[in-house]
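If you read the sequence shown in this note's numbering, its first letter stands for residue 208, the second for the next number, and so on. Here is the structure we will look at.
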Amino acid sequence: MKHLLGRTSRAQHWLAAVLSIWLIATSPWISMRRVVPQSPTFWDYAHIGLGIALAAIAMMYFVSTMIDGGWRRHFPWLVGNLSEFNSDLRGIARLKIPSAGGAGLFSLLQGLLILFLLAAAATGTGWLVADGSRAALAWREWHAVAANVFAWLLVAHVVASALHVLDFLRD
Numbered sequence: 208m209k210h211l212l213g214r215t216s217r218a219q220h221w222l223a224a225v226l227s228i229w230l231i232a233t234s235p236w237i238s239m240r241r242v243v244p245q246s247p248t249f250w251d252y253a254h255i256g257l258g259i260a261l262a263a264i265a266m267m268y269f270v271s272t273m274i275d276g277g278w279r280r281h282f283p284w285l286v287g288n289l290s291e292f293n294s295d296l297r298g299i300a301r302l303k304i305p306s307a308g309g310a311g312l313f314s315l316l317q318g319l320l321i322l323f324l325l326a327a328a329a330t331g332t333g334w335l336v337a338d339g340s341r342a343a344l345a346w347r348e349w350h351a352v353a354a355n356v357f358a359w360l361l362v363a364h365v366v367a368s369a370l371h372v373l374d375f376l377r378d
């Protein structure tokens, strides 16, 4: 199982990216609040179906990125390793682009992105399970917060990736 997840990590990454962008871009058109509407629209069905698919992909991607010590790269603070992160911050102060690998700023950003993707998936699932109950609105609010933080982290991730491509092309 470990080898399968490792080999499919790139596909999981791109599937998660495409589904995330779709869900974020189309979320203003969903008409769900406390309950799934009596007559759900295409956007409602698409958000639920693709959200469930993304939740499964997010869990697999999380596992595939954390195996073989990947968690140390994405969450260096868990083991007290902030030296590369601090080095990247000092480099930014000198207008240098942070390094792509290791346990630096961009890896920390990727770790937070994965966590908030999982948070958005979990709260979206909670919202769906709580459909029609009093708790549904609370789940919806938590989902909106997690999804918004995830969206901003996704923008930062895209900018960071573009900076790496630009830095690579300059060398």
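We treat Cβ as the ideally placed atom computed from N, Cα and C, and that holds for glycine.
Please report the straight-line C-alpha distance between R280 and A310, rounded to a whole angstrom. Spanning the alpha carbons of R280 and A310 requires a straight line of approximately 4 Å.
How about A262 and A337: are their beta carbons less than 7 Å apart? Annotated as distal: A262 and A337, with beta-carbon spacing of 7 Å or more.
To the nearest angstrom, how far is it from the Cα of G276 to the Cα of P244? Whole-angstrom Cα-Cα distance: 44 Å.
Exposure of F269, with buried meaning 16 or more beta-carbon neighbours within 10 Å: Buried, because 16 or more other Cβ atoms sit within 10 Å of the Cβ of F269.
Pick from A307, N293, W284: whose alpha carbon is nearest that of R301? Comparing Cα positions, the closest option is N293.
Could you give the residue range of the alpha helix (DSSP H) that holds N355? Where N355 is concerned, the enclosing alpha helix (DSSP H) starts and stops at 342-377.
Using only the alpha-carbon positions, how far apart do I231 and W334 sit? Approximately 16 Å, taken between the alpha carbons.
Short of 6 Å in beta carbon distance, which residues of its chain neighbour R347, apart from the five on each side in sequence? Order them along the chain. Taken in chain order, the residues that qualify are W334.
Just the Cα atoms here: how many angstroms apart are I237 and T248? Cα to Cα, the separation comes out at about 8 Å.
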